[in-house]
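Asks: Sharing a structure with you now.
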Amino acid sequence: MSVGALWLASGTVLALLALPAVLGSYAVTVCIFIFFYGYLGQAWNILGGYGGQLSAGHAAFVGVGAYATTLLSMHWGLSPWIGMLVGATLAAGLGAVIGGLGFRFGLRGFYFVLLTVAFAEVCRIVTLNTDAMGGALGLYITFTGNPWHLQFQDNRVYYYLALGLMLLATGVVALVERSRLGAYLLAIREDEDAAEALGVDTFRYKLGAIVLSAFLTGLGGAFYANYLFSLQPNAVFGIPLSVDIIIRPVVGGAGTLLGPLLGSLILSPLAEVARIYFTRPGWTGLHLVIYGVLLVGVVLFLPQGAYPHLRRAWARWRPGA
Amino acid sequence: MALLEVVDVRKRFGGLQAVAGVSLDVAADEVVGLIGPNGAGKTTLFHLISGFLPPDGGDVRFGGASTRGLKPHQVCRRGLARTFQIVKPFQALTVLENVRVGALARSGGFRAATRKAREVLALVGLEDRADRPARGLTLADRKRLELARALATEPRLLLLDEVMAGLTPAETERIIDLCRAINARGIAILLIEHVMRAVMALSHRVVVVDQGRVIASGPPAAIANDARVVEAYLGEAYGSGPEDRHVDA
């Protein structure tokens, strides 16, 4: 990292830390969604962006993390602060099962995509039909405002939590980029046979990537539950959430450190606007059309996402830097 | 004892017996040329030796131990590296990053691997392109990159699958020199090649396969005059007067 980039990063983080002081409550909420989806996108990025293993079922890990944390808290009074680690570990376990099956039997490309979707759908349907997990009604968390229950009166605490998660995941990805894991994942994404021939245990590294990615995503699930206070199977295990997770890094630049954050910065406010204006009768679902158009546009014109272009534009704008 | 011992290996794809019981040895420090017409089973043999395909029968022994059941990455870690006929560069990565993947097979750290990668790039003459993405390289440079990556894994034996195909004579000459330099470092080479000039210049021994079988083997000069070899390549009518030529069969 160059000195300039380090200054820019530190400055941005400081500005984000100071921002809630001047933002209105609604703007804080929008920021929370930007950070949270940036975080989920970053977690997906490890497996999908760097490893090239396209998971379209990451909602499964959010759901497992969210349900585990909430059920542990409701039935055993376990604090979500601890429960989230249990939930994330369970999500990582599910990731290991999906990866173990998919990678052991050499599922690549679309076949792996379908496997991940299938697992997420099974999770959704099982939860829908299990009364002990709230069934179709879902789970509702009683608001106590007790910080030990991961609940806060002040919205700004969630802002800092979401920001912390996003920076945590970005830090993890920055470390991965500079490690054997990162180098091997990129090699696997580019050409799996060539990677094998160069001594890369492709099964082991893909498995490592999905476990790490699922763990972080599961941790995000705990935040989701305790921010929204309600869990519905269709919302946390559903395909729309998986799409929400994927589309940000793809638009921003999959396999780049800042792509998922940039994608979230572009799309999360857009999704919020869509939610407000397109929920009127006759307009529902229009934001999905916007997603579709955007995705086609990105695939056609910016196949590597927005980040590499932004970077080049920045370099042109500041030739001295 | 030979470094690589291939003992009566066989491989069938449906109705095609691609490799029908091939045996061959490569000693440490030796350069062995593997030639034969298209479809003779040369590349299949490479897949069998490098662990990309399991043999139906027979055995591949490397450094005295069978490689049965090993995955390609395990074969690589034992010291047997290969290149691919259709080169497989990691397109989006830089030349240095490409070679570093190979170097990581031996070195503990990222920095040590980067150093090692730079050394290998200097050896193959790609150091001035280290930071360029692999997708922009010419064919000659891509072939060299393929070689550099395999070399970075610090093999005892290199399997080279047509690293000279499609190159100009001048480029071919440079690769021949490079192979000699590699061999001079004590690395054995088994190469599939259609460029006869290169095979004859480099090989200590030449093995000829046709229709999945070894039909001849011996020093290059003897092979060039072997009637069975000429027949396999050119048909009976041309069974006389073999000479130094490109056979792009």
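Protein chains in written order, with the working numbering: chain A, 87 to 407; chain B, 3 to 251.
All residues carry an ideal CB built from backbone N, CA and C; glycine is no exception.
1. Touch check for the region 116-136 of chain B and the region 310-324 of chain A: three-plus C-beta pairs under 8 Å?
2. Assuming I274 (chain A) and I184 (chain A) are in contact, meaning their beta carbons sit under 8 Å apart, how far apart are those beta carbons, in whole angstroms?
3. Pick out the complete alpha helix (DSSP H) segments inside the region 69-135 of chain B, 4 residues or longer, and give them in chain order.
4. With the cut-off set at 8 Å, would you say T303 (chain A) and A129 (chain A) are in Cβ contact?
5. In angstroms, rounded to a whole number, what distance separates the CA positions of V329 (chain A) and L125 (chain B)?
6. Anyone know if the C-beta pair for T213 (chain A) and Y153 (chain A) falls short of 8 Å?
7. Flag H49 (chain B) as yes if its beta-carbon sits less than 8 Å from any beta-carbon of chain A, otherwise no.
8. Assign L100 (chain A) to buried or exposed, taking buried as 16 or more other Cβ atoms, counted over all protein chains shown, within 10 Å of its Cβ.
9. Which bits of chain A does C78 (chain B) rub up against, with CB to CB less than 8 Å?
10. Assuming N320 (chain A) contacts R210 (chain A) under a Cβ cut-off of 8 Å, what Cβ separation, rounded to an integer in Å, is found between them?
11. Just how far apart, CA to CA, sit S242 (chain B) and L386 (chain A)?
12. E164 (chain B) touches chain A at which residues, Cβ-Cβ below 7 Å?
13. Should the region 175-191 of chain A be regarded as contacting the region 138-155 of chain A, the criterion being three or more beta carbon pairs within less than 8 Å?
14. Please name the residue in A:A204, A:I352, A:R242 whose C-alpha comes closest to that of A107 (chain A).
15. With the cut-off set at 8 Å, would you say S205 (chain B) and V8 (chain B) are in Cβ contact?
16. According to the neighbour-count rule (16 or more other Cβ atoms, all chains shown, within 10 Å of its Cβ), is A253 (chain B) buried or exposed?
17. Any beta carbon from chain A within less than 8 Å of G104 (chain B)'s own beta carbon?
18. Please confirm whether F15 (chain B) has its beta-carbon closer than 8 Å to some beta-carbon of chain A.
19. Do the CB positions of G134 (chain A) and A357 (chain A) come within less than 8 Å of each other?
20. Does DSSP put A218 (chain B) in a helix, a strand or coil?
21. Classify S456 (chain A) as buried or exposed, calling it buried when 16 or more other Cβ atoms lie within 10 Å of its own Cβ.
22. Taking buried to mean at least 16 other C-beta atoms within 10 Å of its own C-beta, is R187 (chain B) buried or exposed?
23. Evaluate contact between the region 253-269 of chain A and the region 153-173 of chain A, counting only Cβ atoms and requiring at least three cross-stretch pairs below 8 Å.
24. Can you check whether the CB of N185 (chain B) is closer than 8 Å to the CB of I191 (chain B)?
Replies: Short version:
1. no
2. Rounded, the Cβ-Cβ distance is 17 Å, inconsistent with contact.
3. Fully enclosed alpha helix (DSSP H) runs of 4 or longer: 74-79, 97-105, 112-126.
4. yes
5. 47 Å
6. Between T213 (chain A) and Y153 (chain A), the CB-CB gap stays under 8 Å.
7. For H49 (chain B), no Cβ of chain A is located within less than 8 Å of the residue's own Cβ.
8. exposed
9. Here the neighbours are E282, A283, L284, G285.
10. 7 Å
11. With a pLDDT of only 48 at S242 (chain B), under 50, the local geometry of the prediction cannot be trusted, and no value is derived from it.
12. Within chain A, no residue comes near E164 (chain B); the closest Cβ sits about 15 Å away, beyond 7 Å.
13. yes
14. The option with the nearest alpha carbon to A107 (chain A) is A:R242.
15. no
16. Only positions 3 to 251 of chain B appear in the structure, and residue 253 (chain B) is not among them; the question remains open.
17. yes
18. no
19. no
20. Correct three-state label for A218 (chain B): strand.
21. Lying before the first or after the last residue shown, residue 456 (chain A) is absent from chain A, which here runs from 87 to 407.
22. exposed
23. The region 253-269 of chain A is not in contact with the region 153-173 of chain A.
24. Yes, the pair counts as a contact, with Cβ atoms nearer than the cut-off.
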